[in-house]
Amino acid sequence: MNIKITDNPVELGKVSAAAAVEGIINAIKDKGQANVILATGASQFETLRNLVEDTTIDWSKVVMFHLDEYIGLPETAPASFRKYLKERFLNLVSPLKASYLVNGETDPEVECKRLNQIITEHPIDVALVGIGENGHLAFNDPPADFDTLSPYIVVDLDEKCRLQQFNEGWFPSLAEVPKKAISMSIKQICKSKMIICSVPDSRKAEAVKNTLENKVSNNDPASILQTHANCLFFLDKSSASLLSKN
Numbered sequence: 095m096n097i098k099i100t101d102n103p104v105e106l107g108k109v110s111a112a113a114a115v116e117g118i119i120n121a122i123k124d125k126g127q128a129n130v131i132l133a134t135g136a137s138q139f140e141t142l143r144n145l146v147e148d149t150t151i152d153w154s155k156v157v158m159f160h161l162d163e164y165i166g167l168p169e170t171a172p173a174s175f176r177k178y179l180k181e182r183f184l185n186l187v188s189p190l191k192a193s194y195l196v197n198g199e200t201d202p203e204v205e206c207k208r209l210n211q212i213i214t215e216h217p218i219d220v221a222l223v224g225i226g227e228n229g230h231l232a233f234n235d236p237p238a239d240f241d242t243l244s245p246y247i248v249v250d251l252d253e254k255c256r257l258q259q260f261n262e263g264w265f266p267s268l269a270e271v272p273k274k275a276i277s278m279s280i281k282q283i284c285k286s287k288m289i290i291c292s293v294p295d296s297r298k299a300e301a302v303k304n305t306l307e308n309k310v311s312n313n314d315p316a317s318i319l320q321t322h323a324n325c326l327f328f329l330d331k332s333s334a335s336l337l338s339k340n
């Protein structure tokens with residue numbers, strides 16, 4: 095693993111986006127297009143802001159997938175990840191070759207089947223991910239399914255995950271946070287050629303420590319990233335504060 099600790103979230107966003115740009119451009123050079131995964135949530139604000147400001151990527155050669163979406167949440171809702179990605183990415187860059195957003199408003203099993211067929215035909219070059227306060231990767235809450243081969247799956251959201259979404263201000267009450275979501279699976283995320291994991295803020299410090307220093311376990315879902323051949327962690331001083339070698 096390659097771990098870089100920055101002074102603050104703004105600096106984190108600059109260096110993580112730079113790594114993503116390099117990975118995307120290299121994929122386009124190597125095979126004519128880049129297949130990418132984008133994450134959402136507060137941890138990705140600065141990374142995406144810097145990514146959309148880049149002028150060197152030919153976005154017409156980029157295919158985008160995203161990690162997860164709540165089941166039953168309208169796209170017009172403030173917490174919708176489709177809304178997030180349209181407002182913070184898709185509407186701000188020139189048109190992509192293709193973008194495949196997760197629709198949580200349709201039959202979730204049918205939607206998983208649709209996405210599974212598409213992503214199987216698009217080996218991922220660069221995946222941008224974060225880590226939840228409970229250590230989740232995408233919406234794979236502990237104990238995460240490390241074994242399923244399905245690229246997208248239906249998952250239950252645990253209370254700590256749902257509480258994080260409420261505390262971040264995405265929902266007016268905990269009761270309004272959905273209890274189910276469609277999520278990219280652990281194995282599918284780990285198939286990515288390069289994984290860029292951006293994790294700012296002190297509230298993620300315990301999850302970062304567990305991810306990087308505990309043994310790999312589905313009780314710390316993001317710990318699986320220890321086994322990936324090309325995973326780059328971008329932290330700030332706050333999120334790295336509990337690391338024993340910090």
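Under my numbering, the sequence shown is numbered contiguously, ending at residue 340. C-beta: ideal position from N, C-alpha, C; glycine also.
- Excluding sequence positions up to five before and after S332, its CB lies within less than 6 Å of the CB of D295 and S296, all in the same chain and listed in chain order.
- Beta-bridge annotation (DSSP): Y246 is paired with M278.
- Inside the region 299-332, DSSP marks whole alpha helix (DSSP H) runs of 4 or more residues at positions 299-307, from first to last along the chain.
- By alpha-carbon distance to V109, the top candidate from S338, V187 and F328 is F328.
- T214 counts as exposed, since fewer than 16 other beta carbons sit within 10 angstroms of its beta carbon.
- Shown here for E300: same chain residues with a beta carbon closer than 7 Å to its own, the five before and five after excluded, namely L336 in chain order.
- Secondary structure of V293 (DSSP, three-state): strand.
- For V249 against N234, the beta-carbon gap comes to about 6 Å, under 8 Å, which counts as contact.
- L268 counts as exposed, since fewer than 16 other beta carbons sit within 10 angstroms of its beta carbon.
- The Cβ-Cβ distance between D162 and A232 falls below 8 Å.
- Scanning its chain for C-beta atoms nearer than 8 Å, with the 5 sequence neighbours on each side dropped, one finds around K274 the residues Y164, I165, G166, P202, V248, V249, D250 and L251, in chain order.
- DSSP places A238 in the coil class of the three-state scheme, outside both helix and strand.
- As the crow flies, the alpha-carbon of D101 is around 23 Å from that of A316.
- Secondary structure of T100 (DSSP, three-state): strand.
- A straight line joining the alpha-carbon of V271 with that of T170 spans about 15 Å.
- For N129, the enclosing beta strand (DSSP E) begins and ends at A128 to L132.
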